[in-house]
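Trainee: Just passing along the structure, written as structure tokens.
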Amino acid sequence: MNLEEGIKKINGILEVEIQGFFTERYINLCKINNIKIWNIQTIGSGIVRFTIAIKDFKKLRKITKKTKCRVKILNKKGLYFKLFKYRKRRFLIVLLGIFIFMCIALTSFIWNIEIVGNSYIPTEDVYNALKESGVYVGKNKIGLETKKIITNLRVLLPDVAWIGVDIEGTNAYVNIVEKTKLPDSAINENAIGDIVSDKSGIIEKIVAENGTPILSAGDYVEEGRILIEGKIYSDLLETKDVTAKGIVVLKTQYEYKSDYYYNIQEKEYTGETKYSIGISVNNKENYINYLDKSLKYDIIKDSNEIKLFGNTFSFDTYKFNVYNLVPKKLTKDELLEKAQSDAQNYIDNEVLPNTKNGKILNSNLVIDYEDEEKVSIRVIYELTEEVGYFKERN
């Protein structure tokens, strides 16, 4: 018996016998209608037995009428029928209900936080940032949005280049990629080198703590160009090689570009909501599906996982919001507004978290192309940010 059959036996299965002149057609119609049956046996002329899940049994009605066969239930197996048998023992059912509720309730909270990838950022600082973002041991995970959590963490932890947050079962996994930072041990009198630009732009400010600035405020610099040379020049003394140190602020530009169409299809929610429950074993979903296939749904799934005997079991709840796709024609102003919003999200979520002390100076929206179908839009942002990294001289 494989895992799928084991789940079906837990949910409830029926051993069924059909009698009639068209039993072969009956079996074929089951396959055509995606009704899963197994253990098919021909007992005699016009008599066939098979096994079927309880959730699919009602689907046999149309086939039974069409083939004029008689259906007889020979045996019932599964947890469903055992619970039904003991339905009068209310105390037992209440205890079972409390047990299931406690399992679901306990798996709805975060009981462990695992942080990996940080080397120079203190783990305690990450824990504090997580707590300010609403993630801590004992927190109910229902309703937590990882995108918002990540955005908050990027603001609270400026030395993070990338961060990922995954909530699996009762565990929260935080993966960190730190910005490249020169170890203090490498910046000493024996490490001779220069400060080199890691971006292109116009110099806003350049202050050499040690070494000689090569360029001045207002100069344009390409990525890879030396900003502060690790040398000290003097008319009286010999040129001295040193470890270049300092602060360089550049004006940089970032660009967001996309096409926006006048005619779109927009989701219009009907207000109708359906719910269902299910169980997943090793990420294989099994849930009660009674949905109308002619409708469209937004699916919101919430899972509570437990691990038993090397398998991962998940108690799932599903929320289905019904919607229709409605044609909509947008105005040019609406397209421009959407482009500005998308560009701002790009800057906030992808650009600023990867800069050091980055600040927006201004933005400029440019229309590159437009016709009756679409508008091609660019949004150019001008920022100030600290740049430069230490490059040891060979």
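With this note's numbering, letter number 156 in the sequence shown gets 222, and the count goes up by one each step, no holes. Positions of the beta carbon are idealized from the N, C-alpha and C atoms, including for glycine. Model, not experiment: these values are computed from the prediction.
Compare the beta carbon distance of R136 and G86 with 8 Å and say whether it is the shorter of the two.
Mentor: Residue 136 sits at position 70 when you count from the first residue of the sequence shown. Residue 86 sits at position 20 when you count from the first residue of the sequence shown. Going by C-beta atoms, R136 is nearer than 8 Å to G86.
Trainee: Report the start-end ranges of each alpha helix (DSSP H) in the stretch 301-326 that is 4 residues or longer and not cut off at the edges.
Mentor: Taking only runs of at least 4 residues, no alpha helix (DSSP H) segment lies wholly in the stretch 301-326.
Trainee: Would you decide whether T339 is buried or exposed? Buried here means 16 or more other CB atoms lie within 10 Å of its CB.
Mentor: As a working note, residue 339 is residue 273 in the sequence shown. So T339 counts as exposed.
Trainee: CB-CB under 8 Å to D285, same chain, minus the five flanking residues each way: which ones, in chain order?
Mentor: The residue you call residue 285 lines up with position 219 of the sequence shown. These residues qualify, in order along the chain: I268, I269.
Trainee: Could you tell me if Y299 is buried or exposed, where buried requires 16 or more neighbouring beta carbons within 10 angstroms of its beta carbon?
Mentor: Numbered from its first residue, the sequence shown carries residue 299 at position 233. Per the 10 Å Cβ criterion, exposed.
Trainee: For V82, which beta-bridge partners are listed by DSSP?
Mentor: The residue given as residue 82 occupies position 16 in the sequence shown. DSSP output for V82 lists F116, I139 as bridge partner(s).
Trainee: So, are the CB atoms of I79 and G144 less than 8 Å apart?
Mentor: Residue mapping note: residue 79 aligns to position 13 of the sequence shown, counting from 1. Residue mapping note: residue 144 aligns to position 78 of the sequence shown, counting from 1. Taking 8 Å as the Cβ cut-off, I79 and G144 qualify as a contacting pair.
Trainee: Please tell me whether A195 and G259 are closer than 8 Å, where the distance is taken between their beta carbons.
Mentor: Translated into the one-based positions of the sequence shown, residue 195 becomes position 129. Translated into the one-based positions of the sequence shown, residue 259 becomes position 193. In this structure, G259 does not lie closer than 8 Å to A195 by Cβ.
Trainee: Please classify K213: does DSSP put it in a helix, a strand, or coil?
Mentor: Against the sequence shown, residue 213 aligns to sequence position 147. Reduced to three states, the DSSP call for K213 is helix.
Trainee: Reducing DSSP to helix, strand and coil, say where P419 ends up.
Mentor: Here residue 419 refers to the residue found at position 353 of the sequence shown. Residue state, collapsed to three classes: helix.
Trainee: Since G312 contacts A257 with CB under 8 Å, what's their CB separation in whole angstroms?
Mentor: In the sequence shown, counting from the first residue as 1, residue 312 sits at position 246. In the sequence shown, counting from the first residue as 1, residue 257 sits at position 191. Contact flag wrong, Cβ pair sits at about 15 Å.
Trainee: Do three or more CB pairs link the stretch 202-221 to the stretch 182-190 at distances below 8 Å?
Mentor: No: fewer than three Cβ pairs fall under 8 Å.
Trainee: With a threshold of 6 Å on Cβ separation, who are the neighbours of T189 within its own chain once the five nearest residues in sequence on each side are excluded?
Mentor: Walking along the sequence shown from the start, residue 189 turns up at place 123. Closer than 6 Å at Cβ, skipping near neighbours: I181.
Trainee: Below 8 Å on the Cβ atoms is my guess for V262 versus G454; work out the distance and round it to an integer in Å.
Mentor: The count along the sequence shown starts at 1 and reaches residue 262 at position 196. The count along the sequence shown starts at 1 and reaches residue 454 at position 388. Yes, they are in contact, since the Cβ atoms of V262 and G454 sit about 7 Å apart, within 8 Å.
Trainee: Can you tell me whether L248 is buried or exposed? The criterion is at least 16 other CB atoms within 10 Å of its CB, across all chains shown.
Mentor: Residue mapping note: residue 248 aligns to position 182 of the sequence shown, counting from 1. Only weak support is given to the placement of L248: the predicted model assigns it a pLDDT of 49, under 50, and the value that follows is read from those uncertain coordinates. Result: exposed.
Trainee: Can you list, in chain order, the stretches of the beta strand (DSSP E) that have 3 or more residues and sit fully within the stretch 364-439?
Mentor: Those beta strand (DSSP E) runs which fall completely within the stretch 364-439 and span 3+ residues are 377-395, 422-436.
Trainee: Within the same chain, show all residues whose beta-carbon is closer than 6 Å to that of L140, passing over the 5 residues directly before and after it, in chain order.
Mentor: As a first step, residue 140 is located in the sequence shown; it is residue number 74 there, counting from the start. E81, E83.
Trainee: Where I272 and E403 are concerned, what is the direct C-alpha to C-alpha distance, given to the nearest angstrom?
Mentor: Here residue 272 refers to the residue found at position 206 when the sequence shown is read from its first residue. Here residue 403 refers to the residue found at position 337 when the sequence shown is read from its first residue. When rounded, the distance between both Cα atoms is 37 Å.
Trainee: Going by DSSP, what residues sit across from V221 in a beta bridge?
Mentor: In the sequence shown, counting from the first residue as 1, residue 221 sits at position 155. Bridge partners of V221: none, in fact.
Trainee: Measuring CB to CB, does I103 end up less than 8 Å from T117?
Mentor: Counting from 1 along the sequence shown, the entry for residue 103 is found at position 37. Counting from 1 along the sequence shown, the entry for residue 117 is found at position 51. Yes, the pair counts as a contact, with Cβ atoms nearer than the cut-off.
Trainee: State the DSSP-derived secondary structure class of R444, mapped to helix, strand or coil.
Mentor: If you number the sequence shown from 1, residue 444 lands on position 378. If DSSP states are grouped into helix, strand and coil, R444 belongs with the strands.
Trainee: For a quick check, are the C-beta atoms of L396 and T421 less than 8 Å apart?
Mentor: Sequence index remark: in the sequence shown, residue 396 carries index 330 (1-based). Sequence index remark: in the sequence shown, residue 421 carries index 355 (1-based). It is not a contact, given that the beta carbons lie outside the stated cut-off.
Trainee: Give me the DSSP bridge partner(s) of L449.
Mentor: Counting from one through the sequence shown, the residue named residue 449 turns up at place 383. Per DSSP, T318, I426.
Trainee: If you drop the 5 nearest sequence neighbours on each side, which residues of the same chain put their C-beta closer than 7 Å to that of V221?
Mentor: For this step, residue 221 is matched to residue 155 along the sequence shown. Same-chain partners within the cutoff: there are none.
Trainee: Just to confirm the assignment, what range does the beta strand (DSSP E) spanning I98 have?
Mentor: Position 32 of the sequence shown, counted from the first residue, corresponds to residue 98. No beta strand (DSSP E) holds I98; the alpha helix (DSSP H) holding it covers 89-98.
Trainee: Within this structure, are the beta carbons of D364 and Y389 separated by less than 8 Å?
Mentor: Mapped onto the sequence shown, residue 364 falls at position 298. Mapped onto the sequence shown, residue 389 falls at position 323. Yes, they are a contact pair.
Trainee: Tell me whether I179 sits in a helix, a strand or coil according to DSSP, three-state version.
Mentor: Numbered from its first residue, the sequence shown carries residue 179 at position 113. Residue state, collapsed to three classes: strand.
Trainee: Alpha carbons only, please: which of E332, Y412, Q319 is nearest the one belonging to E451?
Mentor: Your numbering for residue 451 matches position 385 in the sequence shown. Ranking the options by Cα distance to E451, first place goes to Q319.
Trainee: Starting from K207, trace the alpha helix (DSSP H) both ways and give me its first and last residue.
Mentor: Residue numbering aside, residue 207 sits at position 141 when the sequence shown is read from its first letter. Run containing K207: none; DSSP gives neither H nor E here.
Trainee: In terms of residues, what are the limits of the beta strand (DSSP E) holding D232?
Mentor: As a first step, residue 232 is located in the sequence shown; it is residue number 166 there, counting from the start. Run containing D232: 226-234, per the beta strand (DSSP E) assignment.
Trainee: Taking V314 and G296 to be in contact with their CB atoms under 8 Å, please state how far apart those CB atoms are, rounded to whole angstroms.
Mentor: Within the sequence shown, residue 314 is the residue found at index 248, counting from 1. Within the sequence shown, residue 296 is the residue found at index 230, counting from 1. In fact, because the Cβ distance is near 14 Å, the residues do not count as touching under 8 Å.
Trainee: By how many angstroms is the C-alpha of S407 removed from the C-alpha of I426?
Mentor: As a position in the sequence shown, residue 426 is number 360, starting the count at 1. As a position in the sequence shown, residue 407 is number 341, starting the count at 1. Taking the straight line joining both Cα atoms gives about 15 Å.
Trainee: Measure from the alpha carbon of K125 to the alpha carbon of each residue in I343, F175, C96, then state which is nearest.
Mentor: Counting from one through the sequence shown, the residue named residue 125 turns up at place 59. Nearest C-alpha to K125: C96.
Trainee: Once you ignore the five residues that flank L210 on each side, which residues in its own chain have a CB closer than 8 Å to its CB?
Mentor: Numbered from its first residue, the sequence shown carries residue 210 at position 144. Result list for L210: G200, V201, I233, in chain order.
Trainee: When you compare only the Cα positions, how much space is there between D434 and Y384?
Mentor: Counted from its first residue, the sequence shown places residue 434 at position 368. Counted from its first residue, the sequence shown places residue 384 at position 318. Roughly 44 Å between the two C-alpha positions.
Trainee: I'd like the span of the alpha helix (DSSP H) that includes S105, first residue to last.
Mentor: Against the sequence shown, residue 105 aligns to sequence position 39. The question names Ser, yet the displayed sequence has Asn at residue 105. Unbroken run through N105 is the beta strand (DSSP E), 103-110; no alpha helix (DSSP H).
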